[in-house]
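For the protein sequence lines, the chains are A and B, in the order given. At position 99 of the first sequence the residue is numbered 99 (the UniProt record's numbering), and the sequence of numbers has no breaks. At position 40 of the second sequence the residue is numbered 40 (the UniProt record's numbering), and the sequence of numbers has no breaks. C-beta atoms are modelled at their ideal positions from N, C-alpha and C, and glycine is treated no differently. Heads up: the structure comes next, in structure tokens.
Number of protein chains: 2
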Amino acid sequence: MRILEERIRKDGIVRAGNVLKVDSFINHQMDIALFEEMAKEWKRLFARKNINKILTIEASGIGIAAIAAREFGVPVVFAKKAKSINLDSDNYVTKIQSFTHGKIYEVIVSKKYLSPEDHVLIIDDFLANGCALMGLLELVERAGATVEGIGVAIEKGFQRGGDMIRAKGIQLESLAIVESMNAEDGSIEFRK
Amino acid sequence: MRILEERIRKDGIVRAGNVLKVDSFINHQMDIALFEEMAKEWKRLFARKNINKILTIEASGIGIAAIAAREFGVPVVFAKKAKSINLDSDNYVTKIQSFTHGKIYEVIVSKKYLSPEDHVLIIDDFLANGCALMGLLELVERAGATVEGIGVAIEKGFQRGGDMIRAKGIQLESLAIVESMNAEDGSIEFRK
Chain A
1 MRILEERIRK
11 DGIVRAGNVL
21 KVDSFINHQM
31 DIALFEEMAK
41 EWKRLFARKN
51 INKILTIEAS
61 GIGIAAIAAR
71 EFGVPVVFAK
81 KAKSINLDSD
91 NYVTKIQSFT
101 HGKIYEVIVS
111 KKYLSPEDHV
121 LIIDDFLANG
131 CALMGLLELV
141 ERAGATVEGI
151 GVAIEKGFQR
161 GGDMIRAKGI
171 QLESLAIVES
181 MNAEDGSIEF
191 RK
Chain B
1 MRILEERIRK
11 DGIVRAGNVL
21 KVDSFINHQM
31 DIALFEEMAK
41 EWKRLFARKN
51 INKILTIEAS
61 GIGIAAIAAR
71 EFGVPVVFAK
81 KAKSINLDSD
91 NYVTKIQSFT
101 HGKIYEVIVS
111 KKYLSPEDHV
121 LIIDDFLANG
131 CALMGLLELV
141 ERAGATVEGI
151 GVAIEKGFQR
161 GGDMIRAKGI
171 QLESLAIVES
181 MNAEDGSIEF
191 RK
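Okay, structure coming up:
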């Protein structure tokens with residue numbers, strides 16, 4: 001998606017260790033007008049799918065998912081990092097390894113909000129090694145719901161997550177796929 | 001706001017210890033159509049204010065803030081719980097006590113995304129003792145930005161947070177104010 005690629009080139013910051021910072025428009029400050037363009041693109045790409053729910057994971061997926069859900073006219077469920085004494089005991093649980101934070105954490109979705117009747121579009125901001133999305137896929141599978149597709153803002157095409165998900169036959173629509181990036185000169189190449 | 005009060009009466013669950021669960025439409029599953037009605041109401045209530053940014057805190061404020069920001073035509077910044085190795089060192093930091101999770105945590109906003117030029121509307125899902133909002137107010141003050149108002153979905157009117165904030169002379173617009181609730185019969189009374 002051209003406007004997202006252009007924005008990443010303009011405002012993304014490449015750091016050593018294949019870190020791409022998009023804090024200024026995606027995951028700390030959020031450019032809602034850009035999110036609307038992304039939502040419209042996903043709506044076009046998933047037009048043939050019958051989607052009744054969007055699933056994402058806290059925290060940085062929530063804003064994109066909310067704007068996408070408005071476009072699709074469906075509710076959002078966000079998987080929570082397990083910790084709250086407010087949560088019911090009746091949850092689907094999975095473990096996700098976070099390379100960013102260097103630990104494994106438990107993620108839950110209440111059994112009330114995912115069921116075999118649900119046709120789910122999963123939305124997230126980043127896809128790299130795929131751990132977060134594999135966790136969300138596991139939660140959907142446990143609920144007996146159907147995954148209709150996955151929409152990702154930025155995929156790191158040089159990490160294995162995208163291939164893993166496409167190998168499962170799932171329609172994965174990454175709006176920008178970074179093929180390579182260079183921390184020394186800040187350059188970024190996107191997949192054609 | 002009548003439709004929010006009616007929804008809380010219909011789908012909110014009152015638990016012992018003054019816990020009000022609104023998981024099914026606000027902070028686990030999110031009813032985006034309801035959020036749009038809330039956003040329009042805040043737009044009406046803050047029509048005289050010149051707002052250029054919405055500030056919220058992860059995680060459950062983000063969805064409401066994103067939909068509100070679309071209505072106002074401004075970006076969102078969400079304060080982050082401090083932990084990520086991806087974050088810059090150049091942040092405003094404050095401590096917030098969470099009664100829900102029984103601990104104190106640090107919350108940050110990058111200095112790049114709050115500045116003296118900003119006229120900020122703070123949005124959050126809940127107001128009870130006011131700890132989270134007082135933390136956000138402190139971040140705005142440190143940045144030298146101006147708070148134009150605070151929009152809250154549900155205020156627990158029997159806790160002190162609302163009074164504390166109104167005593168500061170800040171325009172606080174809570175769309176539903178719970179005056180009392182009863183875990184035995186599940187009843188909820190709203191402030192007129």
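Below 7 Å CB to CB, which residues in the same chain sit around residue 188(B) once its five sequence neighbours on both sides are set aside?
As a position in the second sequence, residue 188(B) is number 188, starting the count at 1. Contacts found: 8, 9, 12, 14, 178 and 181.
Check whether the region 146-164 of chain B and the region 155-172 of chain A touch, using three or more Cβ-Cβ pairs below 8 Å as the test.
Here the region 146-164 of chain B does not lie against the region 155-172 of chain A, with fewer than 3 beta-carbon pairs under 8 Å apart.
Pick out whichever of 61(A), 141(A) and 135(A) has its Cα sitting closest to the Cα of residue 117(A).
Here residue 117(A) corresponds to residue number 117 of the first sequence, with the count starting at 1. Closest option to residue 117(A), Cα to Cα, is 141(A).
Close Cβ partners of residue 63(A) (< 6 Å) along its chain, the five nearest in sequence each way excluded
Within the first sequence, the letter at position 63 stands for residue 63(A). Answer for residue 63(A): 30, listed in chain order.
Buried versus exposed call for residue 102(A) [16 or more other C-beta atoms within 10 Å across all chains shown]:
Walking along the first sequence from the start, residue 102(A) turns up at place 102. Result: exposed.
Would you list, in sequence order, the uninterrupted beta strand (DSSP E) runs of no fewer than 3 residues that lie entirely inside the UniProt domain "Phosphoribosyltransferase" (35-159) of chain A?
53-57, 76-81, 91-98, 103-110, 119-127 and 146-156
Determine which residues of the region 32-59 of chain B have a Cβ less than 8 Å from any Cβ of chain A, and write them out in chain order.
32, 33, 35, 36, 58 and 59
For chain A, check one thing: does any of its Cβ atoms lie closer than 8 Å to the Cβ of residue 181(B)?
Here residue 181(B) refers to the residue found at position 181 of the second sequence. For residue 181(B), the answer is no, since every Cβ of chain A falls outside 8 Å of its Cβ.
Which residue from 120(A), 95(A), 157(A) and 128(A) puts its Cα closest to that of residue 76(A)?
For the purposes of this step, residue 76(A) is identified with residue 76 of the first sequence, where counting begins at 1. For residue 76(A), the nearest C-alpha among the options comes from 120(A).
With residue 183(A) as the anchor, note down where its beta strand (DSSP E) starts and where it stops.
The residue given as residue 183(A) occupies position 183 in the first sequence. Run containing residue 183(A): none; DSSP gives neither H nor E here.
Chain B residues whose Cβ lies nearer than 7 Å to that of residue 116(A):
If you number the first sequence from 1, residue 116(A) lands on position 116. Going along chain B, no residue has its Cβ under 7 Å from residue 116(A), so there is no contact; the nearest lies around 16 Å.
Write down the C-beta distance between residue 96(B) and residue 157(B) rounded to the nearest angstrom, noting that I regard them as a contact closer than 8 Å.
Here the question's residue 96(B) lines up with position 96 in the second sequence. Here the question's residue 157(B) lines up with position 157 in the second sequence. Residue 96(B) to residue 157(B), Cβ: 21 Å. No contact.
Listed by chain order, chain B residues near residue 113(A) by CB distance under 9 Å:
Position 113 of the first sequence, counted from the start, is the residue given in the question as residue 113(A). Under the 9 Å cutoff, chain B gives 23, 24, 28 and 29.
Tell me whether residue 192(B) is buried or exposed, calling it buried when 16 or more other Cβ atoms sit within 10 Å of its Cβ.
Walking along the second sequence from the start, residue 192(B) turns up at place 192. Its Cβ having fewer than 16 others within 10 Å, residue 192(B) is exposed.
Endpoints, alpha helix (DSSP H) assigned at residue 7(A)
The residue you call residue 7(A) lines up with position 7 of the first sequence. Residue 7(A) -> alpha helix (DSSP H) spans 2-11.
Using only CA atoms, which one of 56(B), 94(B), 23(B) and 133(B) lies nearest to residue 161(B)?
Here residue 161(B) is taken as the residue at index 161 of the second sequence, counted from 1. Closest option to residue 161(B), Cα to Cα, is 133(B).
Top-ranked residue by Cα proximity to residue 71(B), from 79(B), 48(B) and 39(B)
On the second sequence, residue 71(B) is found 71 positions in, with the first residue counted as 1. Ranking the options by Cα distance to residue 71(B), first place goes to 39(B).
Anticipated Cβ contact below 8 Å, residue 145(B) with residue 115(B), distance rounded:
As a working note, residue 145(B) is residue 145 in the second sequence. As a working note, residue 115(B) is residue 115 in the second sequence. Contact flag correct, Cβ pair sits at about 6 Å.
Check whether chain A comes within 8 Å of residue 122(B), counting only Cβ atoms and requiring the distance to be less than that.
Taking the first residue of the second sequence as position 1, residue 122(B) is located at position 122. No, because no Cβ of chain A sits closer than 8 Å to the Cβ of residue 122(B).
Taking Cβ to Cβ, would you say residue 126(A) is nearer than 8 Å to residue 153(A)?
One-based indexing of the first sequence puts residue 126(A) at position 126. One-based indexing of the first sequence puts residue 153(A) at position 153. Against a cut-off of 8 Å, the Cβ pair of residue 153(A) and residue 126(A) comes out as a contact.
How many whole angstroms separate the CB atoms of residue 98(A) and residue 23(B), which I take to be in contact at a CB cut-off of 8 Å?
Here residue 98(A) is taken as the residue at index 98 of the first sequence, counted from 1. Here residue 23(B) is taken as the residue at index 23 of the second sequence, counted from 1. Not quite, the Cβ-Cβ distance comes to about 24 Å (not below 8 Å), so this is no contact.
Check the Cβ-Cβ distances between residue 110(B) and every residue of chain A, and say whether any is below 8 Å.
Walking along the second sequence from the start, residue 110(B) turns up at place 110. Interface residue, yes.
Chain-order list of residues whose beta-carbon lies under 7 Å from that of residue 124(A) (same chain, five-residue window excluded)
Working through the first sequence from its first residue, we reach residue 124(A) at position 124. Contacts found: 56, 57, 61, 132, 133 and 152.
Given a limit of 8 Å on CB to CB distance, which residues of the region 9-20 of chain A reach chain B?
19
Opposite residue 177(A) in the DSSP bridges: which residues?
Locating residue 177(A) in the first sequence gives position 177, where the first residue counts as 1. Paired residue(s): 155(A).
Is there at least one Cβ from chain A nearer than 8 Å to residue 86(B)'s Cβ?
The residue given as residue 86(B) occupies position 86 in the second sequence. Caution is warranted here: a pLDDT of 46 is assigned to residue 86(B), below 50, making its placement in the model unreliable, and no coordinate value can be reported.
Is residue 15(B) helix, strand or coil when you go by DSSP?
Taking the first residue of the second sequence as 1, we reach residue 15(B) at position 15. Residue 15(B): strand per DSSP, three-state reduction.
Which of helix, strand or coil DSSP assigns to residue 170(A):
In the first sequence, the residue the question calls residue 170(A) occupies position 170. Residue 170(A): coil per DSSP, three-state reduction.
The beta strand (DSSP E) with residue 190(B) in it runs from where to where?
Position 190 of the second sequence holds residue 190(B). The continuous beta strand (DSSP E) containing residue 190(B) extends over residues 188-190.
Using only alpha-carbon positions, find the residue among 5(B), 82(B), 163(B) and 49(B) that is nearest to residue 105(B).
By 1-based counting over the second sequence, the position of residue 105(B) is 105. Answer by Cα proximity: 82(B).
Measure the Cβ-Cβ separation of residue 92(B) and residue 28(A) and say whether it is below 8 Å.
On the second sequence, position 92 is the one that residue 92(B) refers to. On the first sequence, position 28 is the one that residue 28(A) refers to. Taking 8 Å as the Cβ cut-off, residue 92(B) and residue 28(A) do not qualify as a contacting pair.
Where residue 126(A) meets chain B, residues with beta-carbon distance less than 8 Å
Within the first sequence, the letter at position 126 stands for residue 126(A). Ordered by position in chain B, no residue passes the 8 Å Cβ test against residue 126(A), which lies about 11 Å from the chain.
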